[in-house]
Each structure stands twice: as C-alpha cells, then as structure tokens.
Amino acid sequence: MSDNQIPEPTIKLIPVAALLADGRSREQVRTLVRHGVLVSIGRGLYVKRPVAREFKALPNGDHMLRAAAAVAHKGPSCAVSHRSAALLHNIDLVGGPLADVTITTWAGGRRGRRHGVHTYACTLPAAHTRQFGIPVTTAARTVVDLARSLPFAEGVVAADSALRQGLTTAVELWQVAGQCRLQRGGDQADRVVHFADGRAESPLESLARVVFDEGGLPPPELQVTITGADNQLIGRVDFLWRKYRTIVEVDGAAKYEQDPHRARTELWRDKAFQRAGYQVLHFNWREITAEADQTTAVVWAELRARGADPAS
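Put into structure tokens, the structure is as follows:
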C-alpha cells in the first residue's frame, strides 16, 4: 500500500459469545446496544458504533454489514456471491436496490431464502478475494455466477462492466466458465462470456448490444472515433455500421433536458456526422429496454436504405 493510499475499512464483527466470554452479562450487552455503543447487524452479531457509522455512510454500506453477518452465520465454507458480490466489486447490475444478501456455500449446504439471505449451494474454488474483510467470490466467478442465474442481457451487463473496469479478463472469464460448464446455467454463462465486450461503456450500451444481436442486425463496431473530410475529429460514437455509414448513440433524454449546453453540442455533432455522410440514430433507455422490436426495426430500415440485405 502506498503512503497516500487510504486503507480499506474493515468490518470487525463482535459475536455475543465473545462479549459473554469477557464477563459481560446479556443485560449488559443489551444496555450497550441501547446506548448505541454496539450496533446489531444480525442475530448475535454486533459492530462498534464507529464501524457502523462508517459503513452506513458508504453506498450500499448497510448491505455490506448484512453480508458480513450472513457469512459469519454460515461459517468458513461460504463466501458472498452473485448480486451482493457484484456490489462489493462495483460491477454494474440492472434493477433497483438489492433486498436479499446473496451468498454461496459448498455443495451439500442448505440452499434457499431465509431471513433476507439467499443462499446458493455450489462448489467454490479454494481461493477467494476479500472486500472490507469479507470473503467474496472473485470478479470472474461473480460474473459467471450472475451469467448462470440471471437473464442473458443482465449477465452481459455484468460481464461488460467487469471487463471495462479491468476487474477481470476475457481469459479469466473463459477459465471460470469452463469450470462451471456442468453446473446449472453453464451453457448460458458460455454465451455471456463469448458475447461480452469491455468496450461497452454503460449498462444501456450493453443492453443495446443484446437488442441489436437478438434483432438479427449485423454486428456493429463499438466506440469508434470518426473524423470529417478535413480529417478533423468529430467525435467518438457508441455503435457504427461502417459499411452503411450508420451511427447509433444510446443515451438518456434526461441528460439533455438537464444540460442544454450538452444538447446543443450533440446537435452540432449530429450535423457534423451528417455532413461527413453518416446517418445518426439516438435511442434512450425506454426504447432499448421496453421497445426493442421497434428500435431494431428503425435501425434495420436505415441499414436497408443504405444497401443492407436482411436476408444475407
């Protein structure tokens, strides 16, 4: 650790058994909790108030505390996994805040949902990583677990995110997917790993990639820099069908409403692309996620107008 690097906070659990062994009575423990000296994070498990305050100030900090408690209850043969592991690794997920903590225990352990903890039973590799002092599946294993258990598009979001941030590599994903191939969802994990691309810069771009592929569109290039006739930079685009000089940008309409200057800049860019012979199509979150068929049809119409043959 460098001199300027801030050490990662650690969740130091205090079991009630340790407090009793130190000579405190159960009534004294309850008094410490009542006065806020100790904070309960699970049945028979506490942290000191400064630790609770530090983590509750972090994004998803309360979930981290609950995850630490869930692992402590299950014992050394488990690790935080799936969606909870994604939070700890900062891997993108689709959907709102997580309700359940997700952990994996060795094959043969009890699986299912109980007291806000969703337990998966599956063989785990001997080596994990640790986040905030909590055992957690590696980024590669987390992506493969998500790819096995979530819809294909959501698995792609996680895989693209992990690759983009350098949390794992394509080789690591292939290796872990191979180890999990005979497990439930192994075939889908193979598909996700094969399709994953770290050049997708947001969950919406990842979802758009899936929509375009499922709509039978030719594979676009991602994150392409385009220059004009004078060789001056116009900008980098999300998706490009170079042969048909068609650009697709995916973005949220709200960002333009909140930033008029950005809206004017995008309008200038679009006109510059058009002067250079490109057509530009924009789609927002709703159009990609809820109107996929219509979105694909619009792109196909533009590609056909520029010579693409859907039958080829």
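According to this note's numbering, the residues represented by the sequence shown are 900 to 1211, in order.
All C-beta atoms, glycine included, are put in the ideal place defined by N, C-alpha and C.
Asked, Found
"In chain order, what residues of the same chain lie with their CB nearer than 8 Å to the CB of SER901, ignoring the 5 residues before and after it?", "For SER901, the pLDDT reaches just 47, beneath the cut-off of 50, and the residue's location in the model is therefore unreliable, although a value from the coordinates is still provided. Cβ within range, chain order: n/a, list empty."
"Is VAL1136 helix, strand or coil by DSSP?", "strand"
"For the beta strand (DSSP E) containing ALA1020, name the first residue and the last one.", "1016 to 1020"
"Between ARG1098, PHE1094, THR1068 and GLN1193, which has its C-alpha nearest VAL1109's C-alpha?", "PHE1094"
"Assuming ILE1033 and ALA985 form a contact by the criterion Cβ under 8 Å, report the distance between their Cβ atoms to the nearest whole angstrom.", "The pair is not a contact, with the Cβ atoms about 14 Å apart (cut-off 8 Å)."
"Expressed to the nearest angstrom, what Euclidean distance is found between the alpha-carbon atoms of ASP956 and ILE910?", "The sequence given here has Ala at residue 956, not Asp. The alpha-carbon atoms of ALA956 and ILE910 are separated by roughly 13 Å."
"Touch check for the region 990 to 999 and the region 1010 to 1029: three-plus C-beta pairs under 8 Å?", "yes"
"List the endpoints of the continuous alpha helix (DSSP H) containing VAL954.", "One point to set straight first is that residue 954 is Phe, not Val, in the sequence displayed. It spans 948 to 955 - the alpha helix (DSSP H) in which PHE954 sits, taken as one unbroken run."
"Which value, in whole angstroms, describes the spacing of the CA atoms of VAL1136 and ARG1203?", "21 Å"
"Could you pull out every unbroken beta strand (DSSP E) segment of at least 3 residues lying fully inside the region 1141 to 1193, listed in chain order?", "1145 to 1149 and 1178 to 1182"
"Does DSSP put GLY1054 in a helix, in a strand, or in coil?", "helix"
"The beta strand (DSSP E) with TRP1030 in it runs from where to where?", "Per the sequence presented here, residue 1030 reads as Gln, with Trp not at that position. It spans 1028 to 1030 - the beta strand (DSSP E) in which GLN1030 sits, taken as one unbroken run."
"By Cβ distance, which residues of its chain are closer than 8 Å to ALA917, with the 5 residues on each side in sequence left out?", "none"
"On a Cα-Cα basis, can you pick out the residue from VAL950, GLY1011 and ASP1044 that is closest to THR1022?", "ASP1044"
"At 4 residues or longer, what runs of the alpha helix (DSSP H) sit wholly inside the region 1043 to 1112?", "1051 to 1063, 1069 to 1078 and 1085 to 1094"
"Which class does SER980 belong to by DSSP, given the choice of helix, strand or coil?", "coil"
"Would you say ARG1098 and ARG1047 are within 8 Å of each other, going by their C-beta atoms?", "no"
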